[in-house]
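Protein chains in written order, with the working numbering: chain A, 486 to 707; chain B, 486 to 707. First up is the structure itself, then whatever we jot down about it.
There are 2 protein chains.
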Amino acid sequence: MSTPLKIGVLVSGSGSNLQSIITQIENGTIDAEIVCVISNRSDAYGLERAQRHKIPAIHLDHRRFSGREAYDVALVETLREYGVRLVVLAGFMRIVTPVLLNAFPHAVLNIHPALLPAFPGLHAQQQALDYGVRLTGCTVHFVDAGTDTGPIIIQAAVPVLPGDTEESLSARIQTEEHRIYPAAVRMFAEGRLSVNGRTVTIAPHPATPTGSLENPAVEPPA
Amino acid sequence: MSTPLKIGVLVSGSGSNLQSIITQIENGTIDAEIVCVISNRSDAYGLERAQRHKIPAIHLDHRRFSGREAYDVALVETLREYGVRLVVLAGFMRIVTPVLLNAFPHAVLNIHPALLPAFPGLHAQQQALDYGVRLTGCTVHFVDAGTDTGPIIIQAAVPVLPGDTEESLSARIQTEEHRIYPAAVRMFAEGRLSVNGRTVTIAPHPATPTGSLENPAVEPPA
Numbered sequence: 486m487s488t489p490l491k492i493g494v495l496v497s498g499s500g501s502n503l504q505s506i507i508t509q510i511e512n513g514t515i516d517a518e519i520v521c522v523i524s525n526r527s528d529a530y531g532l533e534r535a536q537r538h539k540i541p542a543i544h545l546d547h548r549r550f551s552g553r554e555a556y557d558v559a560l561v562e563t564l565r566e567y568g569v570r571l572v573v574l575a576g577f578m579r580i581v582t583p584v585l586l587n588a589f590p591h592a593v594l595n596i597h598p599a600l601l602p603a604f605p606g607l608h609a610q611q612q613a614l615d616y617g618v619r620l621t622g623c624t625v626h627f628v629d630a631g632t633d634t635g636p637i638i639i640q641a642a643v644p645v646l647p648g649d650t651e652e653s654l655s656a657r658i659q660t661e662e663h664r665i666y667p668a669a670v671r672m673f674a675e676g677r678l679s680v681n682g683r684t685v686t687i688a689p690h691p692a693t694p695t696g697s698l699e700n701p702a703v704e705p706p707a
Numbered sequence: 486m487s488t489p490l491k492i493g494v495l496v497s498g499s500g501s502n503l504q505s506i507i508t509q510i511e512n513g514t515i516d517a518e519i520v521c522v523i524s525n526r527s528d529a530y531g532l533e534r535a536q537r538h539k540i541p542a543i544h545l546d547h548r549r550f551s552g553r554e555a556y557d558v559a560l561v562e563t564l565r566e567y568g569v570r571l572v573v574l575a576g577f578m579r580i581v582t583p584v585l586l587n588a589f590p591h592a593v594l595n596i597h598p599a600l601l602p603a604f605p606g607l608h609a610q611q612q613a614l615d616y617g618v619r620l621t622g623c624t625v626h627f628v629d630a631g632t633d634t635g636p637i638i639i640q641a642a643v644p645v646l647p648g649d650t651e652e653s654l655s656a657r658i659q660t661e662e663h664r665i666y667p668a669a670v671r672m673f674a675e676g677r678l679s680v681n682g683r684t685v686t687i688a689p690h691p692a693t694p695t696g697s698l699e700n701p702a703v704e705p706p707a
């Protein structure tokens, strides 16, 4: 691709994962452009983040629509206006419908704060504490019609420690979220992800030597 | 406790986890004694392992009993004859009933080849491959009346790698099983595990300094 990937990000809250992606785009790690940030809530701090980085920030109030499908029709319209090719959910607290998924096949990403398929749905960190697991983590996945059931791209694990609260565990998981979500977006932007059924294949990084290897090296490593 | 913990191990197959525990008892890492190994199958290699280490090996054929409860009554009788205080399931391919669990409250351990609550039941490794997770692992837990639902003691994670088969993934998980199952048995033998609802608390190792610390040290560290 000659032009960078155009990304639309959907948020409902603070958008700290949005920030981690903005940072890696701005420092040149991800070759992509966030062309719009959309929130169903006018007070989402993610909208303010977008504005600070000169990204169009759009409030699309779900209460103005008759239902989920009608809302998603408007979402798709807006995303298409901006030429979006990848939709990134970053704390978007709404269930998306096939209206959105069919408009962006295999091009809607989400991150969930658990090692799926364990603890899908809301309050995943508290679910993990209540169950008494020793390891939990986060999962970046393609979104499908189910709740947190789509094909998995990356997972990272963290320990649950004695005395953990929902807050302390969420913070530990979030550190990993901010590592793996930008990494998955980068893989997508580099065209390295392919989906076959439930399996996501990650092609080697273009910089990885595959065929021949000259000796001595004629170019220094990247 | 002045006498070492008496352990009974139940197997149906090769008993490689049995071997990992035998090894750590023989090298002095775990202060315990395996007083009997019981199998529902006469051809279980675990029985042969036991005999090689001079451990009583007992074949208790489930087909001779009218049902699960009747079988477990016989199991409990045998375990009590040997003075067992901890029951370790090591590839025991039978569902245990409250008959066994009530006779050994919070004293029946199992290991499962997945990061529970993900992928309970049979063929956990194939379930993980079919789902497409990037991380899986194994879980040592106290056994309760459900299938792989009991309070968790230790979990270890391993990556699922491109091209993995059920065999290659199982082997990678088994390496971790052989580390964490003896470790959990050791914690039990040291009296360091307590169960409160779904939460297992692990008391610090007796060698861990807790109260005071003299300086300079008056004894060398263990």
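Just so you know, even glycine gets a beta-carbon here, dropped at the ideal spot from N, CA and C.
Based on DSSP bridge pairs, tell me the residues matched to residue i.
i        : result
B:THR686 : B:SER679
A:ILE639 : A:VAL625
B:LEU571 : B:ILE492
B:ILE506 : DSSP output for B:ILE506 lists no bridge partner at all.
B:ALA542 : B:VAL522
A:PRO644 : A:LEU620
B:HIS597 : B:THR624
A:ALA517 : A:LEU490
Could you tell me whether the Cβ of residue i comes closer than 8 Å to any Cβ of chain B?
i        : result
A:ASP528 : no
A:ASP516 : no
A:SER524 : no
A:ALA707 : A caution first: A:ALA707 carries a pLDDT of 48, below 50, which makes its placement in the model unreliable, though a value can still be read off. With 8 Å as the cut-off, A:ALA707 does not count as an interface residue toward chain B.
Here's the rule I'm using: 16 or more other beta-carbon atoms within 10 Å means buried, otherwise exposed. How should residue i be labelled?
i        : result
B:GLU652 : exposed
A:GLY631 : exposed
A:ALA688 : exposed
B:ARG671 : buried
A:MET486 : Confidence in A:MET486 is poor, its pLDDT being 46 and thus under 50, which makes the residue's placement unreliable; the coordinate value appears in the next sentence. With fewer than 16 Cβ atoms within 10 Å of its Cβ, A:MET486 is classed as exposed.
A:GLY635 : buried
B:SER505 : buried
A:ASN502 : buried
B:SER679 : exposed
B:HIS544 : exposed
A:GLU662 : buried
B:ALA656 : exposed
B:GLY648 : exposed
A:ARG565 : exposed
B:GLN612 : buried
B:SER551 : exposed
A:ARG548 : exposed
A:ARG664 : exposed
A:PRO583 : exposed
B:LEU646 : exposed
A:ARG534 : buried
Taking residue i as the query, report the chain A residues whose CB atoms sit under 9 Å from its CB, ordered along the chain.
i        : result
B:VAL618 : LEU600, LEU601, PRO602, THR624, ILE637, GLN640
Tell me, please, whether the CB atom of residue i is closer than 8 Å to any CB atom in chain A?
i        : result
B:THR632 : no
Under 8 Å Cβ-Cβ, which residues of chain A neighbour residue i?
i        : result
B:ASP615 : ARG683
Return yes when the C-beta of residue i is under 7 Å from any heavy atom of the ligand FMN, and no when it is not.
i        : result
B:ALA575 : By its list of ligands, the structure shown contains no ligand whatsoever, and the ligand FMN lies outside what it can speak to.
### Within 9 Å of chain A by C-beta, residues of the region 655-681 of chain B in sequence order
none
### Query
Along the region 529-559 of chain A, what residues have a CB closer than 9 Å to any CB found in chain B?
none
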